[in-house]
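Protein chains in written order, with the working numbering: chain R, 1 to 89; chain L, 101 to 189. For each residue, glycine too, the CB sits at the ideal point set by N, CA and C. Just so we're clear, the structure is a prediction, and the values are computed from it rather than from any experiment.
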């Protein structure tokens with residue numbers, strides 16, 4: 001389903017629900033859920049707990065201790081800009 | 101390829117290149133390229149030229165007359181937030 005623009009957006013939206021839905025608070029990602037997502041979806045990106053803490057803190061813009069859907073979208077956008085820069089070099 | 105998180109991001113990155121690459125300026129989207137992308141990928145979103153002009157002007161944050169990759173990423177993020185709100189209602 002993901003090969004059209006809308007399909008790829010749907011995959012990314014479902015991906016949030018998949019990991020955010022693992023604990024009782026289904027509308028946002030805890031640090032544990034973010035960690036699981038990154039380890040499953042982008043292996044090698046996060047090394048140790050210190051890196052995870054710094055990364056989570058950077059994403060959690062409103063400092064409520066969770067990553068909201070909008071904060072996740074900012075993550076996805078940043079990752080695409082980072083990948084684009086890597087590929088363009 | 102698009103059903104994983106990374107795969108979906110790759111589809112969205114390729115989608116930019118597909119439409120931005122239609123004229124000589126391959127690193128950015130002209131208004132004509134944006135129009136073609138929206139008509140092909142999100143049929144019904146843009147009705148007439150006036151809507152397209154307003155939409156293009158909103159996206160072109162640095163007012164250089166083209167939509168850069170980063171401006172496209174802002175568009176993709178905004179669309180996902182809009183769709184999420186629609187689905188959550």
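Could you give the C-beta distance for residue i and residue j, rounded to a whole number, given that I count them as a contact under 8 angstroms?
i	j	result
residue 166/L	residue 128/L	4 angstroms
residue 120/L	residue 126/L	6 angstroms
residue 13/R	residue 141/L	Contact doesn't hold; Cβ gap of about 16 angstroms is too wide.
Mind checking whether residue i and residue j have CB atoms under 8 angstroms apart?
i	j	result
residue 81/R	residue 170/L	yes
residue 173/L	residue 77/R	yes
residue 59/R	residue 75/R	yes
residue 79/R	residue 145/L	no
residue 54/L	residue 11/R	Outside the displayed range of chain L (101 to 189) lies residue 54/L, so it cannot be described from this structure.
Which bits of chain L does residue i rub up against, with CB to CB less than 8 angstroms?
i	result
residue 84/R	113, 169
residue 46/R	Going along chain L, no residue has its Cβ under 8 angstroms from residue 46/R, so there is no contact; the nearest lies around 14 angstroms.
Under a three-way DSSP split, which group does residue i fall into?
i	result
residue 45/R	coil
residue 198/L	Shown here, chain L extends from 101 to 189; a query on residue 198/L therefore has no answer.
residue 100/R	Since the first residue of chain R shown is 1 and the last is 89, residue 100/R is not available in this structure.
residue 163/L	coil
residue 103/L	coil
residue 22/R	coil
residue 51/R	helix
residue 89/R	coil
Who are the neighbours of residue i on chain L, taking C-beta pairs under 7 angstroms?
i	result
residue 6/R	141, 142
Using a cut-off of 7 angstroms between C-beta atoms, extract the partners of residue i located in chain R.
i	result
residue 179/L	9
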